[in-house]
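Below: one structure, written as structure tokens.
There are 2 protein chains.
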Amino acid sequence: MTDQFDPLDELSRHRTSIDNFDAALIHILAERFRKTKQVGALKAKYNLPPSDKGREKSQIEHLRKLAKTSDLDPDFAEKFLEFIIREVIQHHNQARS
Amino acid sequence: MTDQFDPLDELSRHRTSIDNFDAALIHILAERFRKTKQVGALKAKYNLPPSDKGREKSQIEHLRKLAKTSDLDPDFAEKFLEFIIREVIQHHNQARS
């Protein structure tokens with residue numbers, strides 16, 4: 004019995020998984036932004052401060068820990084959260100103007 | 004019966020959801036990077052081209068469509084994929100050197 008390993012088949016299988024992960028990421032991100040829109044509206048209505056540095060710091064610490072336990076680079080997890088928060092702030096500014 | 008709405012309680016509930024979404028994102032990202040590491044190793048072993056512009060174009064188109072149907076800004080979905088791909092390329096370069 005020969006072992007017919009085709010690297011292109013294997014690549015295609017990996018890519019299907021990657022596409023599934025990306026679809027999951029997009030749907031969770033969509034729901035996350037729906038939530039931050041609600042937060043933005045709540046803060047505007049009740050005059051709550053737009054940003055909370057203490058909250059951001061604890062979010063970063065928590066995500067770095069989660070990253071470590073799940074074999075993800077903690078620096079990437081932090082960069083990722085910063086990328087998302089920048090987008091949220093931009094959305095809030097657009098909503099205000 | 005009075006309606007005792009506390010905006011800070013409501014904010015705290017939203018934040019718990021956001022933290023749950025972030026934890027899900029981190030875990031899926033961890034798994035996605037484990038996959039792209041396997042892809043990198045496969046490409047190196049079988050001398051497959053490191054990047055595939057046709058693949059990237061179809062990934063972007065697909066994610067933009069998914070974003071539209073899930074109420075996420077398609078431009079953000081594209082920026083997000085570019086952010087991830089930049090990180091993957093950096094990982095591949097580090098692995099090679």
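Those protein sequences? They're chains A and B, same order as listed.
Our numbering applies: residue 4 is where the first sequence begins, and numbers increase by one.
Our numbering applies: residue 4 is where the second sequence begins, and numbers increase by one.
Ideal Cβ placement from N, Cα and C applies to all residues, glycine included.
Classified as buried, LEU28/A has 16 or more neighbouring CB atoms from the shown chains inside 10 Å of its CB.
Within the stretch 36-66 of chain A, the residues whose Cβ lies closer than 8 Å to any Cβ of chain B are, in chain order, PHE36, ARG37, LYS38, THR39, GLN41, VAL42, LEU45, LYS46, LYS48, TYR49, LEU51, ARG58, GLN62, HIS65, LEU66.
Taking 8 Å as the cut-off, the Cβ atoms of PRO10/A and LEU51/B count as close.
The C-beta of ARG16/B has fewer than 16 other C-beta atoms within 10 Å across all chains shown, which makes the residue exposed.
Against chain B, the beta carbon of HIS17/A has neighbours under 9 Å at LYS38, THR39, GLN41, VAL42, LEU45, listed in chain order. Residue range 10-48 is occupied by the alpha helix (DSSP H) that includes PRO10/A. Distances from the alpha-carbon of PHE86/A to those of PHE79/B, ILE92/B, THR19/B put PHE79/B closest. Closer than 8 Å to the CB of GLU81/A there is not a single CB belonging to chain B. Closest by C-alpha distance to HIS94/B, out of SER20/B, PHE36/B, LEU32/B, THR19/B, is PHE36/B.
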